[in-house]
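Position 286 of the sequence shown, counted from 1, bears residue number 289 in our numbering, the numbering being contiguous throughout.
Glycine is no exception: its CB is placed at the ideal position from the N, C-alpha and C atoms.
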Amino acid sequence: MLALVTRLRPSPLDQRRGVVRLHPEALRALGIAPWDVVVLGGRRTTAALVAVAPPGTEQHLLLCDELVLANLGVTEGTTVPVTATPDREAVRVTVVGDPHVVAAVTPEMLRVALLGKALTAGDQVSLLPQDLAPAPGVDVVEARRSLATRLGAAWTSVLLQITEVAPQSPALVTMGTVVGWQGGSTTGSSATPLAAGTATVELPGLDTQLHALTEWLDLGFHHRDLLARLGTSPQLGVLVTGAAGSGKAALVQAVAARLGLALRRVWAPSLAATEPNAAVQQLRALLDAKDSPAVALLEDVETLLPRETTPLSAAVLAAVREAVAGGRVAVVCTTGHPESVTPELRSPGTLDHELAIPLPDRAQRLRLLQHATKQVPLAADVVLEEVAGRTPGFVAADILALVREAGMRAAARQQDAPAPVVAAADLAASLEVVRPTAMGGARLDVATVTLEDVGDMVEVKQAVTEAVLWPLHYPDTFARLGIDPPRGLLLYGPPGCGKTFLVKAIAGSGQVNVLSVKGAEVLSKWVGESERGVRELFRRAREAAPTLVFLDEVDALAPVRGQSTDSGTTDRVVAALLTELDGVEDLRDVVVIGATNRPELVDPALLRPGRLGRLVYVPPPDAEARAAILAASAKDVPLDPAVDLALLGQRTQGYSAADCAHLVREAALAAMRESMAATSVTAAHVETALGVVRPSLVPQQVAALEAFAYSRQA
Numbered sequence: 004m005l006a007l008v009t010r011l012r013p014s015p016l017d018q019r020r021g022v023v024r025l026h027p028e029a030l031r032a033l034g035i036a037p038w039d040v041v042v043l044g045g046r047r048t049t050a051a052l053v054a055v056a057p058p059g060t061e062q063h064l065l066l067c068d069e070l071v072l073a074n075l076g077v078t079e080g081t082t083v084p085v086t087a088t089p090d091r092e093a094v095r096v097t098v099v100g101d102p103h104v105v106a107a108v109t110p111e112m113l114r115v116a117l118l119g120k121a122l123t124a125g126d127q128v129s130l131l132p133q134d135l136a137p138a139p140g141v142d143v144v145e146a147r148r149s150l151a152t153r154l155g156a157a158w159t160s161v162l163l164q165i166t167e168v169a170p171q172s173p174a175l176v177t178m179g180t181v182v183g184w185q186g187g188s189t190t191g192s193s194a195t196p197l198a199a200g201t202a203t204v205e206l207p208g209l210d211t212q213l214h215a216l217t218e219w220l221d222l223g224f225h226h227r228d229l230l231a232r233l234g235t236s237p238q239l240g241v242l243v244t245g246a247a248g249s250g251k252a253a254l255v256q257a258v259a260a261r262l263g264l265a266l267r268r269v270w271a272p273s274l275a276a277t278e279p280n281a282a283v284q285q286l287r288a289l290l291d292a293k294d295s296p297a298v299a300l301l302e303d304v305e306t307l308l309p310r311e312t313t314p315l316s317a318a319v320l321a322a323v324r325e326a327v328a329g330g331r332v333a334v335v336c337t338t339g340h341p342e343s344v345t346p347e348l349r350s351p352g353t354l355d356h357e358l359a360i361p362l363p364d365r366a367q368r369l370r371l372l373q374h375a376t377k378q379v380p381l382a383a384d385v386v387l388e389e390v391a392g393r394t395p396g397f398v399a400a401d402i403l404a405l406v407r408e409a410g411m412r413a414a415a416r417q418q419d420a421p422a423p424v425v426a427a428a429d430l431a432a433s434l435e436v437v438r439p440t441a442m443g444g445a446r447l448d449v450a451t452v453t454l455e456d457v458g459d460m461v462e463v464k465q466a467v468t469e470a471v472l473w474p475l476h477y478p479d480t481f482a483r484l485g486i487d488p489p490r491g492l493l494l495y496g497p498p499g500c501g502k503t504f505l506v507k508a509i510a511g512s513g514q515v516n517v518l519s520v521k522g523a524e525v526l527s528k529w530v531g532e533s534e535r536g537v538r539e540l541f542r543r544a545r546e547a548a549p550t551l552v553f554l555d556e557v558d559a560l561a562p563v564r565g566q567s568t569d570s571g572t573t574d575r576v577v578a579a580l581l582t583e584l585d586g587v588e589d590l591r592d593v594v595v596i597g598a599t600n601r602p603e604l605v606d607p608a609l610l611r612p613g614r615l616g617r618l619v620y621v622p623p624p625d626a627e628a629r630a631a632i633l634a635a636s637a638k639d640v641p642l643d644p645a646v647d648l649a650l651l652g653q654r655t656q657g658y659s660a661a662d663c664a665h666l667v668r669e670a671a672l673a674a675m676r677e678s679m680a681a682t683s684v685t686a687a688h689v690e691t692a693l694g695v696v697r698p699s700l701v702p703q704q705v706a707a708l709e710a711f712a713y714s715r716q717a
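Written out as structure tokens, the structure reads:
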């Protein structure tokens, strides 16, 4: 075998997928092809798949991620030997992981996540599928979706330990490999039994739900005589709802352990994908009362019993009703989308009880963080209260993912430290990666700006702060005074005057989740799709609360009704929007901000109190405001002391906030054009920019908006 000595360099190309990259010349020297297995030597030996490095990579470099560095036990820049090795198929692989992961991920799902990876006993691996060269017949997209459903955002940062690779390390995981959890079931298991007496799982923030479920099952199993004397019977059907990763399955597991009940669980999507007769047989085996008293946990039941009737629906409902009526097995179903479940599942005699797990508030997130960091050495600069304030919409799984990601980052920079700690910077960097599961990938990505970066606009910033941040900071004050927080407001003003930038600043504070939608994005030519888009938008907002819903160009989304020529589509969208804003269902911890430069085109019903009841005019900046905007835009620009921003503010009559920011950028570009070695932007560069950037405000439009503002005040 040929061996090559090379130097390591971290690379973000193949994060935690078990892939390293070499120059093509290095591959030829080793006599191997892309996606062959190589063995790397460091403080310990590990293996990985090898791929071609990007053009421009030096021949002596090996690109890898921080997980490979950790498995090798070395740091960046270390020289290690790289050896080609024959591809061997693993017959058996045993893995150990966090109990929550073991409980949620079946061995079959684990095997799909590890397919195609080269494993060595003692390695740490992630659940990220090897999707750069996937195994034939493996649906990587479905594998990702399944893991995200079971673990929420946590799945991307979960790390597992390989305890055994047989017959010999390293070896490749294939469809013929038997994969299993250490001390548990192996590939192909569909249910996870829990013996009575298992240690109780800690569930910070779920005390009320834990008490309620314990009381229901305790009465049903242990106090039947009392129920009979009161003329009633046990009700052992429960529907548990909550966002993915909120702890639904962990709650059921904790109650079963507390009451000494056997727990049998199955993932409903796996049954839905099975042939109907076989699925019914598996379900009846799950609901069998042979080891009663027991709890049968059916997770993500919306896939098995959707609102639309399927060939399986009748048989599944019959099996559930039969088990509940028997009184020997409690049937607990979980779902993150209760609106998608058939109403028949909640009918009397089926699932009589319903238990909701809401998103944790700030105090509950602090408890979750304290629990998740109990064994984590934190640096002195870590303030968990601040982290709790920057994690709106995070559920328990997201908090665990955040702490794990911070630990990975801390480990990557302190590999040789005698006493490594997780610092505030590690948690802050992890917040850029770990996003709340409830947002469903719809979170608004914005630059890191805050309200302090918004030049002037004092009154407008105050209005936005009162509507969005006061309800979060002072909920007790609102309750004490007996008033509800504002539901929403409308920002209107000329284009380029900072309406959207204000929302970016609120998002940059990290205290609320932000959902942004352009007015035209919701409209669809298909009947009913536009209204469904509005409902889906507000459903996500409620699940991820506290949330700011930003409706940009709201005049396109909610024009005055009765004037459209689109077969009534916009009229129906306006009706749906009005219902969501101020209908029967409460819009708790959700604030809606609309923005437009044509407020007269917005339907008047949207602007009444209780909806977007507060209208805030964002005027063109005056000379003083323009100077403040120029200063904010030039915060990171090395301006020559001779540049007088106050004077420049007076000279830019008719410029919008966007024009002022453009002027600063153009002045910096003028300095670059003059010399790429420029170290400052001079007054001459500013003069050049003034000749290029012209004012964009239209006097007639500004006059019309000011007249509208005056009419609202009058």
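Where do the ends of the beta strand (DSSP E) carrying residue i lie?
i: W128; result: It is worth fixing the name first, because residue 128 is Val in this sequence and not Trp. First-last of the beta strand (DSSP E) with V128: Q127 to S129.
i: G45; result: From DSSP, G45 is part of no beta strand (DSSP E); its letter is neither H nor E.
i: L163; result: L162 to A169
i: C663; result: Here C663 belongs to no beta strand (DSSP E); instead the alpha helix (DSSP H) covers A660 to E677.
i: H340; result: Run containing H340: none; DSSP gives neither H nor E here.
i: T97; result: R95 to V99
i: I360; result: H356 to I360
i: V181; result: V181 to W184
What does DSSP give as the partner residue(s) for residue i in the beta ladder?
i: Y495; result: T599 and Y620
i: I509; result: Beta-bridge pairing links I509 to no other residue.
i: S519; result: F553
i: C336; result: L242 and L301
i: V605; result: P562
By Cβ distance below 6 Å, which residues in the same chain neighbour residue i in space, the five residues on each side in sequence not counted?
i: H688; result: A670, A673 and A674
i: G657; result: P698 and L700
i: A645; result: A686
i: L430; result: V390 and A409
i: V619; result: V463, A466, L492 and L494
i: T159; result: none
i: L117; result: V176
i: I35; result: A87
Closer than 7 Å by C-beta to residue i: which residues in its own chain qualify, once you throw out the five before and the five after it? Chain order, please.
i: H623; result: The question names His, but residue 623 in the sequence shown is Pro. P497, C500, S659, L700 and V705.
i: Q212; result: L254, L358 and I360
i: L75; result: L43, G45, R46, R47, T49 and V83
Within the continuous alpha helix (DSSP H) that includes residue i, where are the two ends?
i: S699; result: Neither: S699 is in no alpha helix (DSSP H) and is coded neither H nor E.
i: A87; result: First-last for A87: T82 to A87, but that is the beta strand (DSSP E), not the alpha helix (DSSP H).
i: I35; result: Here I35 belongs to no alpha helix (DSSP H), and DSSP marks it neither H nor E.
i: V576; result: T572 to D585
i: W158; result: Unbroken run through W158: none, as it is neither H nor E.
i: V105; result: P102 to A107
i: V461; result: V461 to V467
i: D479; result: P478 to R483
Please classify residue i: is it buried, with 16 or more other beta-carbons within 10 angstroms of its beta-carbon, or exposed?
i: G179; result: exposed
i: D448; result: Legend: pLDDT at D448 = 47, less than 50; position of this residue unreliable, value from coordinates given subsequently. Burial call: exposed.
i: K120; result: buried
i: V461; result: exposed
i: I486; result: exposed
i: H26; result: buried
i: S236; result: exposed
i: P489; result: buried
i: Q566; result: exposed
i: G613; result: exposed
i: H225; result: exposed
i: S714; result: exposed
i: V386; result: exposed
i: N280; result: exposed
i: G339; result: buried
Suppose the cutoff is 8 Å on Cβ atoms and the five residues either side in sequence are ignored; what does the same chain contact list for residue i look like?
i: Q238; result: W219, G223, V327, D355 and H356
i: V77; result: L11, G45, R46, V83 and Q418
i: P346; result: R310
Alpha helix (DSSP H) runs contained entirely in the segment 199 to 264, provided each spans 4 or more residues: 210 to 225, 227 to 232 and 251 to 262
Start-end ranges of the beta strand (DSSP E) lying completely within the segment 270 to 313, minimum 3 residues: Within the segment 270 to 313, the complete beta strand (DSSP E) segments of 3 residues or longer fall at 297 to 302, listed in chain order.
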